[in-house]
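The structure appears right after this line, and notes come after that.
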DNA sequence: AAATAATAATTGACTAGTCAACAATCAATT
DNA sequence: AATTGATTGTTGACTAGTCAATTATTATTT
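Protein chains in written order, with the working numbering: chain B, 34 to 194; chain A, 34 to 194.
As structure tokens, then:
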């Protein structure tokens, strides 16, 4: 078994080696995700949007004029419903989203993106695409595909979330 | 160029294909990290520790009796200092950590793990090791190393954070 | 020695994610 | 028709991460 010296050990000033590659991989995953998250935030913050808000706006753009209710938005995100409710509170306050009690089933709240929300997304499209590309630019196309495949298999293999 | 059908597209009910593999990879990274984070939380929550608190406790165990000041803890984490301060407030409240103004430089606050903090880490060691291993168990050793290498290169390639 | 700058840590105000409890509405029964 | 039960969404209380501003101490300069 090769005794590889680890980049991550230096990064976090860790003196002891990792117990296992699985531990290193998990930590590596967390740190990499955090760093890329931060990069995206640099694009979004000047516009006053957070990453989660941006996600919801894109989901609502995809839903079109029919809109989506709160639970349905939650299904498309990792987050639980209480968070979504308050997140949309803030989007509504900024007039990027509007809410309306569903006429058919008055328990449901239909959320729709507004024209100014669409405008915001349009302005963010190019810089966000650039951010994606830059964040992964050090990997070749086939390496990126390799990465996606490994990550897919990890998510696939998680027993019962 | 192969038109691969994407697992992630199904997962988030996305109707349109990803704009690019880099976009898919970034999203894949976020979702995978979140899912594994959640798995770890299942081990930690019963003990009343959060993941960040657990990280800080391990850092302080590594520092030994000399302890570490607040800024030094921050350097070993992704987080900024204000977060660390309040995080340690909570660890102190639960008697897992103690703080003391440094005698030499009274601006610094030295944080040390307590015996009950060490006890907690000892109890968590085995289940956390299992969680690491289970989370990555669907990948072979060499695939895990491949993943670590790809992730290292991504972090390495981020310009100036 | 007094004034200024630099450093360490904290507080305030915000966004966010989580769980538990709750309110409102709809569906199904009796 | 009135009660029970399920679904949908919200609120409360907590942990967390972020930025800007502040305090306390130390270092440097005049």
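All residues carry an ideal CB built from backbone N, CA and C; glycine is no exception.
Tell me the DSSP secondary structure of residue 140/A in three-state form. coil
Distance check for residue 65/B and residue 119/B, CA to CA, integer angstroms please. 28 angstroms
Run of the alpha helix (DSSP H) containing residue 111/B, from where it starts to where it stops: Neither: residue 111/B is in no alpha helix (DSSP H) and is coded neither H nor E.
Whether residue 144/B touches residue 93/B by CB criterion (8 angstroms): yes
Neighbouring residues, chain A, relative to residue 6/B (Cβ below 7 angstroms): In the structure as shown, chain B starts at 34 and stops at 194, and residue 6/B therefore has no counterpart that could be examined.
Can you tell me whether DSSP reads residue 89/B as helix, strand or coil? helix
Residue 52/A, DSSP secondary structure in three states: coil
Residue 162/A at chain B interface by Cβ criterion, 8 angstroms: yes
Taking all protein chains shown into account, do 16 or more other C-beta atoms lie within 10 angstroms of the C-beta of residue 135/B, making it buried, or fewer, making it exposed? exposed
So what does DSSP say about residue 191/A, is it helix, strand or coil? coil
Does the beta carbon of residue 72/B sit closer than 8 angstroms to a beta carbon anywhere in chain A? yes
Measuring straight from C-alpha to C-alpha, what distance separates residue 187/A and residue 67/A? 18 angstroms
How big is the Cα-Cα spacing for residue 72/A and residue 60/A? 19 angstroms
Start and end of the alpha helix (DSSP H) containing residue 158/A? 148–168
Report back the beta-carbon spacing between residue 50/B and residue 42/B to the nearest angstrom; my notes put them in contact at under 8 angstroms. 7 angstroms
How would you list, in chain order, the residues of chain A whose beta-carbon sits under 7 angstroms from the beta-carbon of residue 111/B? 64 and 67
What are the boundary residues of the beta strand (DSSP E) that includes residue 98/A? First-last for residue 98/A: undefined, no H or E at that position.
Inter-residue Cα distance where the pair is residue 168/A and residue 54/B: 12 angstroms
Alpha carbon to alpha carbon, what distance is there between residue 58/B and residue 40/B? 12 angstroms
By the 10 Å Cβ neighbour count, where 16 or more other Cβ atoms means buried, how is residue 81/B classified, buried or exposed? exposed
Under 7 angstroms Cβ-Cβ, which residues of chain B neighbour residue 54/A? 174, 177, 178 and 181
Under a CB-based cut-off of 8 angstroms, is residue 40/B close to chain A? yes
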